[in-house]
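Take a look at the structure set out below.
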Amino acid sequence: MTEAEQTQPCKPFAEITDKEYGIAFATGCEVSPTARGIRLSNKCPRCEGMMSYDKVEKFSKALRRGKVASEPRAESTGVVHVMCTCKRAHSGCPADDEGCGAYWTVEVSVE
Ligand SMILES: [Zn+2]
Ligand SMILES: [Zn+2]
3 MTEAEQTQPC KPFAEITDKE YGIAFATGCE VSPTARGIRL SNKCPRCEGM MSYDKVEKFS
63 KALRRGKVAS EPRAESTGVV HVMCTCKRAH SGCPADDEGC GAYWTVEVSV E
């Protein structure tokens, strides 16, 4: 992605979800361990801005290097509710918020 694409305005801010979002985000999503949890990195499925989402929670060591699936089971411990946190400008985005407002759910499972 070029510098110009990074700074281009994105879609207007809207708090919406779609089952396609989880599927798109899970595809090629990278899981990396952080000091206090995990980080999921991929393109936002709505606005296509690069983003990463930090989940501060205890995950097992295995999950911290796991893979991401789009259809969480309710009882799973690896369910992560993700919100877009891309750094591009979205018209109508609240000052204390970031991203395009899209949200979705994925499940992190052992690879
Ligand atoms: Zn965006
Ligand atoms: Zn977005």
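For my numbering, count along the sequence shown from 1 and bump the result up by 2.
Every residue gets a Cβ at the ideal spot worked out from N, C-alpha and C, and that includes glycine.
Open item on the list: Considering Cα atoms alone, identify which of 17, 102, 108, 56 is closest to residue 50.
Closed with: The count along the sequence shown starts at 1 and reaches residue 50 at position 48. Of the listed residues, the one whose Cα sits closest to residue 50 is 102.
Open item on the list: My assumption, with CB atoms under 8 Å, is that residue 42 sits in contact with residue 81. Please give the rounded CB distance.
Closed with: Translated into positions along the sequence shown, residue 42 becomes position 40. Translated into positions along the sequence shown, residue 81 becomes position 79. That belief does not hold up - the Cβ atoms of residue 42 and residue 81 are roughly 12 Å apart, past 8 Å.
Open item on the list: How far does the beta strand (DSSP E) with residue 21 in it extend, from its first residue to its last?
Closed with: Start at 1 with the first residue of the sequence shown, and residue 21 comes out as number 19. Element bounds for residue 21: not the beta strand (DSSP E) but the alpha helix (DSSP H), 21 to 28.
- [ ] Pull up the CB-CB distance for residue 48 and residue 95, whole angstroms please, since I reckon it's below 8 Å.
- [x] The residue labelled residue 48 in the question sits at position 46 within the sequence shown. The residue labelled residue 95 in the question sits at position 93 within the sequence shown. Incorrect: roughly 13 Å between the Cβ atoms, too far for contact.
Task: residue 101 Cβ short of 7 Å to ligand 2 heavy atom set - done: Within the sequence shown, the letter at position 99 stands for residue 101. It does: the Cβ of residue 101 is within 7 Å (strictly closer) of some heavy atom of ligand 2.
Open item on the list: Measuring only the C-alpha atoms, how far is residue 56 from residue 93?
Closed with: Here residue 56 refers to the residue found at position 54 of the sequence shown. Here residue 93 refers to the residue found at position 91 of the sequence shown. Looking at the two C-alpha atoms, the distance is approximately 24 Å.
Task: Identified DSSP bridge partners for residue 71 - done: Taking the sequence shown and counting its residues from 1, the one referred to as residue 71 is at position 69. According to DSSP, which records beta bridges pairwise, residue 71 is partnered with 109.
TODO: Could you pull out every residue in the same chain whose Cβ sits closer than 6 Å to the Cβ of residue 3, ignoring the five residues on either side in sequence?
DONE: Counting from 1 along the sequence shown, the entry for residue 3 is found at position 1. Its pLDDT being 49, under 50, residue 3 is placed unreliably in this model, and the value from its coordinates should be taken loosely. Closer than 6 Å at the Cβ level, and outside the excluded window around residue 3, lies no residue.
TODO: Determine whether the Cβ of residue 26 lies closer than 8 Å to any Cβ atom of chain C.
DONE: Chain labels in this structure do not include chain C; a single protein chain is all it has.
TODO: Kindly indicate the opening and closing residues of the beta strand (DSSP E) around residue 83.
DONE: For this step, residue 83 is matched to residue 81 along the sequence shown. Note, residue 83: beta strand (DSSP E), 81 to 85.
Open item on the list: Among 37, 74, 35, 97, whose alpha-carbon lies nearest the alpha-carbon of residue 107?
Closed with: Stepping through the sequence shown from its first residue, residue 107 is reached at position 105. If we check each option's Cα against that of residue 107, 74 comes out closest.
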